[in-house]
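Asker: This structure is in structure tokens; I'll ask about it shortly.
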Amino acid sequence: MSQRDALRRTRILLRRHGPTAAVWRRRAAIIGGAVLVGLAAIAFARAADRASGLFDAMVAQYWWLPLILTPVSYVLIVWITNRYAPTARGSGIPQIIAAKRDPVGATTDLTSARTAILKTVLTAAALAAGGSVGREGPTVQLGATIMAYAHKVLRVPINASVLVAGAGAGVAAAFNTPLAGVAFAIEELAAAYEQRMTLLVMTAVLISGMIAQGVAGDYVYFGIVGQTLPLGTVLVVAPIAGVLGGTTGGLFSRLTLWFARGGARRISGGRPLMLAAVCGLIVAVLGIATGTTWGTGYAPARAMIQGTDTPIWFGAAKFASTLVTTGAGLPGGIFSPSLATGAGVGNVLHALFPHEPAGAVILLGMVAYFTGVVRAPLTAVIIISETTGSRGLMLPLLAAAIIAEGAAALVCRERLYHGLALGFLPKESEK
158 MSQRDALRRT RILLRRHGPT AAVWRRRAAI IGGAVLVGLA AIAFARAADR
208 ASGLFDAMVA QYWWLPLILT PVSYVLIVWI TNRYAPTARG SGIPQIIAAK
258 RDPVGATTDL TSARTAILKT VLTAAALAAG GSVGREGPTV QLGATIMAYA
308 HKVLRVPINA SVLVAGAGAG VAAAFNTPLA GVAFAIEELA AAYEQRMTLL
358 VMTAVLISGM IAQGVAGDYV YFGIVGQTLP LGTVLVVAPI AGVLGGTTGG
408 LFSRLTLWFA RGGARRISGG RPLMLAAVCG LIVAVLGIAT GTTWGTGYAP
458 ARAMIQGTDT PIWFGAAKFA STLVTTGAGL PGGIFSPSLA TGAGVGNVLH
508 ALFPHEPAGA VILLGMVAYF TGVVRAPLTA VIIISETTGS RGLMLPLLAA
558 AIIAEGAAAL VCRERLYHGL ALGFLPKESE K
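Counting with my numbering, you get residues 158 to 588 for the letters of the sequence shown.
Right, dumping it as structure tokens:
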């Protein structure tokens, strides 16, 4: 073999298998993107917590302030959203479902840097104003955007699998629940789940989860629940939880889709800022009256899980607060508010079965309502299990979730996120 042939073969081998080869650039994009998703999720979580803490401090000193601050903030947030980033409104999960239709084109809008930045900033602003929103949905959109840009910078093709991996990594980092990230990616985002996507998603979720745990610590989101329920109790309580949580969660989905498909326009007469002001005032009045419906609802949900007495009407008040916030068109997720509302449903159940362990019954209400809203029972069970360490309740949770799935389908046949995703598709793609 001549020296020239040897050099030519070496160049070919380097091009195919060297550090600049497509396979190595793809791996670098996945690993680097997952690391960035984990760091961004933690930074966003801390900013959101500080925003909520700032609002709580203001309300503690001036109880009347939300009557002014919340409606004005809602109007300002909706105006900024509609003016500068219309695709930042709402949860963020429907946007990623829509973006899978055209992953490359989505980087100019649905998964653009401007949309992701405004999404996180405006969600934090909503929490600083007492809005009933969560950060998990926005983290999904942020995670998919970061993963897409990591691939774009390294000149790796962007496909639907890339967005699903970034979204799953976002869920894992937001809740500190790696298994839930994988389940969510499979159950909610990946309509045609391919074998080769498995490794991609699991790698991104694992790395993002490790980064989140390394920075924030290995914590359990709602605290450890070691309670269990006897079989006889499960056979009675789980079906009731499934029906009650599923129907109320399905009702929330149906009303949310109604708002998104012209209901908000009809109510406001085509004046979205007026609607935002009214919704903000409703949230303020509910918050002042109850003192518990502000923000994500994490604190009252955890208190109920730990057995603290909470008014039985909390679930209904949180349901209303979250619904009008969503109807107003603010950026922000519904994961945490739905879990809090579900805890309220569980609180009603515990009033019906006062002699059963409070924490276990609350979790049945949470998983049932959450399933009713998102229609993803496996994801719901894994999220509740991982965020509470309630391994001994896996089967009762699964039973309640399956029943809730069926009950919710009777109230709202269409899955919420997939229905909302149609609003982010080009008109010709909706058919």
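Using N, Cα and C, we set each Cβ at its ideal position, and we do this for glycine too.
Relative to the alpha-carbon of Glu562, which residue among Thr302, Val531 and Pro583 has its alpha-carbon at the smallest distance?
Answerer: Of Thr302, Val531 and Pro583, the residue nearest in Cα terms is Val531.
Asker: Can you tell which of Leu414, Val394 and Leu193 has its C-alpha closest to the C-alpha of Ala322?
Answerer: If we check each option's Cα against that of Ala322, Leu193 comes out closest.
Asker: Just to confirm before moving on: does the CB-CB distance between Ala283 and Leu577 stay below 8 Å?
Answerer: No; because the gap between Cβ atoms is not below 8 Å, this pair is not in contact.
Asker: Would you check if the distance between the CB atom of Ala202 and the CB atom of Gly402 is smaller than 8 Å?
Answerer: Going by C-beta atoms, Ala202 is not nearer than 8 Å to Gly402.
Asker: Which residue marks the beginning of the alpha helix (DSSP H) containing Phe332, and which one marks its end?
Answerer: Element bounds for Phe332: Ala317 to Phe332.
Asker: Is it the case that the Cβ atoms of Val391 and Phe510 are separated by a distance below 8 Å?
Answerer: Contact: no.
Asker: If you scan the segment 540-573 from start to end, which runs of the alpha helix (DSSP H) of 4 or more residues do you find wholly inside it?
Answerer: If we require 4 residues or more, the alpha helix (DSSP H) runs fully inside the segment 540-573 come out as 551-568.
Asker: Between the C-alpha atoms of Ser425 and Met431, what's the straight-line distance to the nearest angstrom?
Answerer: Distance between the alpha carbons of Ser425 and Met431: 7 Å.
Asker: Can you name, in chain order, every residue of its own chain whose Cβ lies under 7 Å from the Cβ of Thr277, other than the five neighbours on each side?
Answerer: Around Thr277: Phe201, Pro295 and Leu299.
Asker: Could you pull out every residue in the same chain whose Cβ sits closer than 7 Å to the Cβ of Leu582, ignoring the five residues on either side in sequence?
Answerer: Result list for Leu582: Ala255 and Arg258, in chain order.
Asker: What is the rounded straight-line gap between the Cα of Thr413 and the Cα of Cys569?
Answerer: The straight-line gap from Cα to Cα measures roughly 11 Å.
Asker: Quick one: is Gly489 buried, meaning 16 or more other Cβ sit within 10 Å of its Cβ, or exposed?
Answerer: Flag for Gly489 reads buried.
Asker: Are the CB atoms of Phe471 and Pro457 nearer to each other than 8 Å?
Answerer: Yes. Within cutoff.
Asker: Put Pro396 into one of helix, strand or coil per three-state DSSP.
Answerer: Looking at Pro396 - three-state DSSP - the assignment turns out to be helix.
Asker: Would you list the one or two residues that DSSP bridges to Pro295?
Answerer: According to DSSP, Pro295 bridges with nothing at all.
Asker: Here's the rule: buried if 16 or more other CB atoms are within 10 angstroms of the residue's CB, otherwise exposed. What is Met551?
Answerer: It is exposed - the Cβ of Met551 has fewer than 16 other Cβ atoms within 10 Å.
Asker: State the DSSP-derived secondary structure class of Gly247, mapped to helix, strand or coil.
Answerer: Three-state DSSP puts Gly247 in a strand.
Asker: Which whole-angstrom value describes the C-beta separation of Val382 and Ile462, a residue pair presumed to lie in contact below a C-beta threshold of 8 Å?
Answerer: The Cβ separation is near 6 Å, so the contact holds.
Asker: Look up Gly490 in the DSSP assignment and give the residues it is bridged to.
Answerer: Answer is Gly291, bridged to Gly490.
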